[in-house]
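Only one structure is covered here, and it is reproduced in the block below.
Protein chains: 2
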Amino acid sequence: MKKLRLRCEVSASEEEALRAVLQGPFDHQAEQVIVRRGERLNSSILLLEGLLARYKDLSDGQRQITHIHVPGDFADLHGYTLGYLDHNLITLTPCRIARAPHTGLLAITNRFPHLTRAFWFSTNLDASIHREWEVSLGRRKAIERAAHLLCELQSRLLVVGAAEGDSFRLPITQNQFAECLGLTGVHVNRVLRELREAGLADFRGGRVTIHDRPGLEGLAEFDPLYLYLDRPAN
Amino acid sequence: MKKLRLRCEVSASEEEALRAVLQGPFDHQAEQVIVRRGERLNSSILLLEGLLARYKDLSDGQRQITHIHVPGDFADLHGYTLGYLDHNLITLTPCRIARAPHTGLLAITNRFPHLTRAFWFSTNLDASIHREWEVSLGRRKAIERAAHLLCELQSRLLVVGAAEGDSFRLPITQNQFAECLGLTGVHVNRVLRELREAGLADFRGGRVTIHDRPGLEGLAEFDPLYLYLDRPAN
DNA sequence: CGTATTCTTGACAACTTTCAATGCGGGTGG
DNA sequence: CCACCCGCATTGAAAGTTGTCAAGAATACG
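Protein sequence lines correspond, in order, to chains U and W.
Letter by letter, the first sequence follows residues -9 to 224 in the numbering used here.
Letter by letter, the second sequence follows residues -9 to 224 in the numbering used here.
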């Protein structure tokens, strides 16, 4: 909740309204599909601890992860207006979540226009991250993609207090990382070695350590503007 | 306006409120940057005629288009909650637009929760399209990406009455098409020839004709679920 | 009618995938 | 306690897809 607050200035009465609506917490194991594509929804999920991912499968078994959620993210708030998701939602690690029933969200959106805009902002921020991933997937080379995602995750985790300076836990496999980047696990492995040998960053054993942030950002052409870290006043 | 209505059931009073807020229409030439990344916004753009694109530039001159807008789309409604855009907005063709000042949108969101949710839905639909593009860019081969985008555009244009059955105007260059697909113009050219020679679709002279929709959809693994064409009841 | 884009094609290069094999480490059962 | 397994990481070699470069053809436009 503190984490959610950081991104969207919320008044005491608004926070109370939201808190009243939330159910849980609930715990989930890793690798569990939490929401299935197309299934009708009646609540949305706030991630408290762990990592979630949005992904889609192709018929030949390939998978593309389209977003990684960090603690404080409303993972499928868009499901509230969409009714169902176009993608699956899976736990990458063991997770703790809270649920906001859509009836409760409806009540909030009818009574708290400002809080509604804060929610709306949150889904728009997700969309902005999707766009940056499109740029990576479409135009950046493998090593640049990897560097960019590491920069993004470090920035986002720092905001919610889940990074210790230039190091943070990222307990996912190289294959999962590859599924974010539109690459194969084999190639990601090579690229991570390159980053390590260049002294830029080290991702091993479920932990990332960034040794040369400027270098990594330069390689990735990382510009955090799209993360809207200077949250708007509205 | 009729087109907007098709995607979001809007009551008479809501429609009137929106109409009262809209300014314009304004006309723009092709290839004009309408909104620049990072610039503070005080109105959002409703596309009435023509095609707009969201894009980002890289330092080496590469460009990635992250979204194509068709008539009826609110092109930068997300700018209302975000304050500024993370991308540029450009006209691909001559365009006619209307503008919704954010002061007006603020008034609407304070008075019409249901219309607010309709707006919110609209930005969530954009995000869904971003996700599908991530899948294309990350996992589909060049010819599949091209086929998928043609299917998507045909579906979306059909909804707003801008497609004539299996044919529709798409007055953009192969290079611009390539910028959507994360490919080079040269390769798009080859891929379009393949689609033509396979009897699937023909994109030439600013017009697309789909000769074998099932074949094209099969090649692309196109599933329109992500377009939320069965709009939700809320 | 001439000029500038855009389209088209070929040959070659670069990047990433595929296939295959080996190493590593943690958990489990004997 | 230790051997065995199994998933994950790592590496090499070969193949495939897409990009780059270059040139000529077609088309649009003034």
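Even glycine gets a Cβ: it sits at the ideal position worked out from N, Cα and C.
Model, not experiment: these values are computed from the prediction.
Counted within 10 angstroms of its Cβ, other Cβ atoms place residue i as buried (16 or more) or exposed
i, result
"residue 53 of chain U", "buried"
"residue 169 of chain W", "buried"
"residue 124 of chain U", "buried"
"residue 144 of chain W", "buried"
"residue 219 of chain W", "exposed"
"residue 254 of chain W", "What the structure shows of chain W is the stretch from -9 to 224, and residue 254 of chain W is not part of that stretch, so it cannot be assessed."
"residue 223 of chain U", "Here residue 223 of chain U scores only 47 on pLDDT, less than 50, and its place in the model is too uncertain to base an answer on."
"residue 208 of chain U", "exposed"
"residue 63 of chain W", "buried"
"residue 29 of chain W", "exposed"
"residue 178 of chain U", "buried"
"residue 93 of chain U", "exposed"
"residue 32 of chain W", "exposed"
"residue 118 of chain W", "buried"
"residue 128 of chain W", "buried"
Residue i to residue j span [Cα, whole Å]
i, j, result
"residue 16 of chain U", "residue 133 of chain U", "37 angstroms"
"residue 38 of chain W", "residue 156 of chain U", "47 angstroms"
"residue 4 of chain W", "residue 105 of chain W", "7 angstroms"
"residue 192 of chain U", "residue 188 of chain W", "46 angstroms"
"residue 160 of chain U", "residue 186 of chain U", "16 angstroms"
"residue 59 of chain W", "residue 195 of chain U", "43 angstroms"
"residue 36 of chain W", "residue 173 of chain U", "37 angstroms"
"residue 100 of chain W", "residue 216 of chain W", "29 angstroms"
"residue 65 of chain W", "residue 154 of chain U", "38 angstroms"
"residue 79 of chain W", "residue 107 of chain W", "24 angstroms"
"residue 51 of chain W", "residue 12 of chain U", "47 angstroms"
"residue 166 of chain W", "residue 150 of chain W", "22 angstroms"
"residue 25 of chain W", "residue 18 of chain W", "12 angstroms"
"residue 126 of chain U", "residue 74 of chain W", "21 angstroms"
"residue 158 of chain U", "residue 147 of chain U", "8 angstroms"
"residue 176 of chain W", "residue 135 of chain W", "15 angstroms"
N- and C-terminal bounds of the alpha helix (DSSP H) containing residue i
i, result
"residue 133 of chain U", "132 to 149"
"residue 83 of chain W", "Neither: residue 83 of chain W is in no alpha helix (DSSP H) and is coded neither H nor E."
"residue 68 of chain W", "68 to 72"
"residue 53 of chain W", "Premise fails: residue 53 of chain W lies in the beta strand (DSSP E), 53 to 59, not in any alpha helix (DSSP H)."
"residue 205 of chain U", "203 to 210"
"residue 200 of chain W", "Per DSSP, residue 200 of chain W belongs to no alpha helix (DSSP H); it is in the beta strand (DSSP E), 197 to 200."
"residue 168 of chain U", "164 to 171"
"residue 185 of chain W", "175 to 187"
Nearest to residue i (by Cα), restricted to the options the options
i, options, result
"residue 1 of chain W", "W:102, W:144, W:216 and W:182", "W:102"
"residue 214 of chain W", "W:184, W:197, W:190 and W:142", "W:142"
"residue 8 of chain W", "W:34, W:30 and W:49", "W:34"
"residue 130 of chain U", "U:211, U:61 and U:-1", "U:211"
"residue 47 of chain U", "U:77, U:197 and U:122", "U:77"
"residue 72 of chain U", "U:200, U:89 and U:27", "U:27"
"residue 121 of chain U", "W:45, W:199 and W:6", "W:45"
"residue 137 of chain W", "W:116, W:182 and W:55", "W:182"
"residue 202 of chain U", "U:140, U:152 and U:70", "U:140"
"residue 205 of chain U", "U:197, U:199 and U:190", "U:190"
"residue 163 of chain U", "U:146, U:152, U:70 and U:198", "U:198"
"residue 111 of chain W", "W:87, W:91, W:68 and W:85", "W:68"
Host beta strand (DSSP E) of residue i (start-end)
i, result
"residue 49 of chain W", "It is not in any beta strand (DSSP E) - residue 49 of chain W carries neither H nor E in the DSSP assignment."
"residue 158 of chain W", "157 to 159"
"residue 14 of chain U", "13 to 18"
"residue 122 of chain U", "Element bounds for residue 122 of chain U: not the beta strand (DSSP E) but the alpha helix (DSSP H), 103 to 129."
"residue 25 of chain W", "23 to 25"
- Task: With 7 angstroms as the C-beta to C-beta threshold (strictly closer), list the residues of the region 102 to 118 of chain W near chain U in chain order.
- Result: 103, 106, 107, 110, 111, 113, 114, 116, 117 and 118
- Give the residues from the region 148 to 166 of chain W that approach chain U closer than 8 angstroms (Cβ to any Cβ), ordered along the chain. none
- Cβ-based contacts, 7 angstroms cut-off: residues of the region 88 to 100 of chain W near chain U: 99 and 100
- Residues of the region 124 to 135 of chain W with a CB closer than 7 angstroms to any CB of chain U: list them in chain order, please. 124, 125, 127, 128 and 129
- Residues from the region 69 to 83 of chain W in contact with chain U, defined by Cβ distance under 9 angstroms: 69, 70, 71, 72, 73, 74, 75, 76 and 77
- Task: Name, going along the chain, the residues of the region 6 to 37 of chain U whose beta-carbon falls closer than 7 angstroms to a beta-carbon of chain W.
- Result: 28
- Item | Members of the region 48 to 66 of chain W that neighbour chain U once the beta carbon cut-off is set at 7 angstroms | 48, 49, 52, 54 and 56
- Could you please tell me which residues of the region 191 to 211 of chain W, in chain order, have their CB closer than 8 angstroms to any CB of chain U? 211
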